[in-house]
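Chains as they are written, first to last, in the numbering used here: chain P, 4 to 189; chain X, 4 to 189. Quick notes on the structure that follows.
Number of protein chains: 2
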Amino acid sequence: MADNAADVVSLIAASLRRERARTGLSLTEVARRAGIAKSTLSQLESGTGNPSVETLWALGVALGVPFSRLVDPPRRVIQVIRAGEGPVVHSEQAHYEATMLASCPPGARRDIYRICAQPGPPRASQPHMPGTLEHLVLSTGRVLAGPTDEAVELWPGDYVSYPGDVPHIFDALEPDTTGVIVMEHV
Amino acid sequence: MADNAADVVSLIAASLRRERARTGLSLTEVARRAGIAKSTLSQLESGTGNPSVETLWALGVALGVPFSRLVDPPRRVIQVIRAGEGPVVHSEQAHYEATMLASCPPGARRDIYRICAQPGPPRASQPHMPGTLEHLVLSTGRVLAGPTDEAVELWPGDYVSYPGDVPHIFDALEPDTTGVIVMEHV
DNA sequence: TAGGGCTGTTCGTCAAATCGAACGAATCGT
DNA sequence: ACGATTCGTTCGATTTGACGAACAGCCCTA
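Spelled out as structure tokens, the structure:
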């Protein structure tokens with residue numbers, strides 16, 4: 004994502020050109036489908052202007068891409084983090100390790116963690132950013148997880164999702180309890 | 004997400020009110036931080052107007068929320084899918100099961116799957132939507148996964164991410180190879 | 001009660017985004 | 001070779017978003 008608002012227009016310009024090239028449509032045709040003047044689209048693709056959300060939205064629909072795709076630069080890389088590697092966050096209550104696998108890059112909306120915990124005092128998390136949604140898939144062991152007052156017991160392969168902006172726990176019931184957590188910033 | 008461009012402004016209006024209520028800031032203060040006139044913000048929150056991306060961007064920064072948060076409505080539920088449950092997709096080459104855990108709801112940008120595969124002929128996936136990014140965390144077993152021509156061998160706990168819009172494989176090397184896949188529609 | 005500070009709204013003005021038409025260039029078919 | 005069609009760009013005219021000031025309402029204090 005751009006660091007400041009001034010870069011957004013040029014970023015959008017590049018996105019519009021890229022997406023239109025992908026569809027193979029002409030500038031005239033995209034403008035017609037979006038219901039905007041082709042002169043407007045021409046200026047936007049050249050980096051001149053500052054489109055309104057309605058204009059940009061119509062273009063997103065015409066190009067068949069989600070809205071956010073036009074304001075976020077593409078990124079495509081192959082990255083491997085081995086079981087022992089990666090930045091690790093230790094819980095204050097110990098017996099709990101979270102390895103950040105895919106941090107929320109600028110403009111994205113999810114973090115992915117690998118969790119490894121041992122039985123002991125329940126690991127309590129403070130609420131995260133409002134609107135956060137957590138997904139948990141248990142790999143091995145057994146765990147009591149979810150909102151503090153309505154936690155669910157999970158076995159290997161089980162899945163649970165719950166709001167992340169309320170107090171919640173991750174309480175390992177067996178040694179070497181591991182899982183994957185997707186923290187989604189809705 | 005809004006179905007048509009006309010709803011976007013009212014959706015943004017609601018988002019602006021919601022996010023500002025969350026921060027507890029006053030309209031005047033948010034306008035000051037965003038560097039825009041408070042009259043502009045007042046009109047935007049009332050659903051009048053059609054902000055430019057620069058304006059909306061500045062507001063996103065001032066409110067401390069990602070840009071996309073302002074155009075997507077919130078959602079929050081608790082859902083559990085047990086190891087045996089959920090909609091299952093069988094591969095045409097068999098020996099490969101994918102359970103959809105969290106399908107991409109309107110406006111969201113990721114699917115979450117539980118994978119269980121057996122050794123056999125490599126499971127080849129056709130490219131998905133352009134811009135798709137796949138994250139894979141291996142739970143048990145061993146697998147050769149990634150873009151077809153640059154696949155990586157993974158052991159339990161290993162993580163890999165790769166573009167999903169190119170041909171890629173998931174080739175189990177041990178029985179009962181399980182993992183979690185996050186398909187992200189960037 | 002009068003004052004100051006804050007809230008959010010509404011007004012007129014100016015700059016800018018959008019539009020529609022005309023333009024030169026390139027391609028295609030007759 | 002010539003018109004016909006499409007391409008993307010540039011131009012002036014119009015619409016509209018953004019701004020700043022003035023506004024009424026609220027709370028607290030002197």
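The beta carbon of each residue, even a glycine, is placed where N, CA and C say it ideally should be. Just so it is clear, the structure is predicted and the values come from calculations on it, not from any experiment.
Original post:
What residue range is occupied by the uninterrupted beta strand (DSSP E) comprising X/E177?
Top reply: Per DSSP, X/E177 belongs to no beta strand (DSSP E) and is neither H nor E.
Subject >> Counterpart residues of P/A137 in DSSP-defined beta bridges >> reply: Position check: residue 137 of chain P holds Glu in this sequence, whereas Ala was assumed. In DSSP, P/E137 forms a bridge with P/Y165 and P/M186.
**OP:** Quick one: give me the first and last residue of the alpha helix (DSSP H) that P/E156 is part of.
**Re:** Here P/E156 belongs to no alpha helix (DSSP H); instead the beta strand (DSSP E) covers V155 to L157.
Original post:
What is the DSSP secondary structure of X/S18, reduced to helix, strand or coil?
Top reply: helix
Original post:
Which value, in whole angstroms, describes the spacing of the CA atoms of X/L30 and X/R21?
Top reply: 12 Å
Original post:
When the cut-off is 8 Å and only beta carbons count, does P/S196 lie next to chain X?
Top reply: The requested residue 196 of chain P does not occur in the structure, where chain P is confined to residues 4 to 189.
Subject >> Interface partners of X/A16 on chain P, CB under 8 Å >> reply: Residues of chain P passing the Cβ test: none, with the nearest at roughly 11 Å.
Subject >> Segment limits, alpha helix (DSSP H) that includes X/L30 >> reply: L30 to A37
Subject >> Between the CA atoms of X/L139 and P/V64 - distance to the nearest angstrom >> reply: 30 Å
**OP:** State yes or no: is the C-beta of X/D152 nearer than 7 Å to some heavy atom of the ligand HEM?
**Re:** What this structure holds is no ligand at all, so the ligand HEM is not there to describe.
Original post:
Whose CA, out of X/S142, X/T135, X/Y99 and X/A16, lies closest to the CA of X/P122?
Top reply: X/Y99
Original post:
Closer than 8 Å, CB to CB, is P/G160 near chain X or not?
Top reply: yes
Subject >> DSSP beta-bridge partners of X/M147 >> reply: The amino acid occupying residue 147 of chain X in the given sequence is Leu; Met does not appear at that position. Partner(s): X/E156 and X/D174.
**OP:** Would you kindly report the start and end of the unbroken beta strand (DSSP E) that includes X/A127?
**Re:** R126 to S128
**OP:** Between the Cα of P/H188 and those of X/E177, X/G67 and X/P125, spot the shortest distance and give me the residue it belongs to.
**Re:** X/G67
Subject >> Backbone CA spacing between X/G38 and X/S45 [nearest angstrom] >> reply: 14 Å
Original post:
Name the DSSP beta bridge partners of P/D114, please?
Top reply: P/M186
Original post:
Does the beta carbon of X/V146 sit closer than 8 Å to a beta carbon anywhere in chain P?
Top reply: no
Original post:
So, using beta-carbon positions, are P/M186 and P/E153 closer together than 8 Å?
Top reply: no
Original post:
Grouping DSSP H, G and I as helix and E and B as strand, with all else coil, what is X/S55?
Top reply: strand
**OP:** Can you grab the Cα-Cα spacing for the pair P/L176 / P/V155, in whole Å?
**Re:** 12 Å
Original post:
When the Cα atoms are used, what is the spatial distance from P/A105 to X/T51?
Top reply: 39 Å
Subject >> X/A105 (DSSP reduced to helix, strand or coil) >> reply: strand
**OP:** Put X/S142 into one of helix, strand or coil per three-state DSSP.
**Re:** strand
Original post:
First and last residue of the alpha helix (DSSP H) that includes P/S42?
Top reply: K41 to E48
**OP:** Note down, in chain order, all residues in the region 34–63 of chain X with a beta-carbon under 7 Å from any beta-carbon belonging to chain P.
**Re:** N53, P54, S55, V56, E57, L59, W60 and A61
Original post:
Would a check of beta-carbon distances place P/R117 closer than 8 Å to chain X?
Top reply: yes
**OP:** Indicate whether at least one CB of chain X lies closer than 8 Å to the CB of P/L104.
**Re:** yes
**OP:** With distances taken Cα to Cα, identify the nearest neighbour of X/C119 among X/G182, X/M103 and X/P170.
**Re:** X/G182
Original post:
Roughly how many angstroms lie between the CA atoms of X/R126 and X/S13, to the nearest whole one?
Top reply: 45 Å
Original post:
If you check the beta carbons only, do P/T151 and P/I184 fall under 8 Å apart?
Top reply: no
**OP:** Give me the Cα-Cα distance between X/T43 and P/N53, rounded to the nearest whole angstrom.
**Re:** 16 Å
Subject >> Minimum C-alpha distance to X/R35 - residue among X/A16, X/A17, X/I15 and X/T58 >> reply: X/T58
Subject >> Residue burial classification, P/D179 (beta-carbon count within 10 angstroms, cutoff 16) >> reply: exposed
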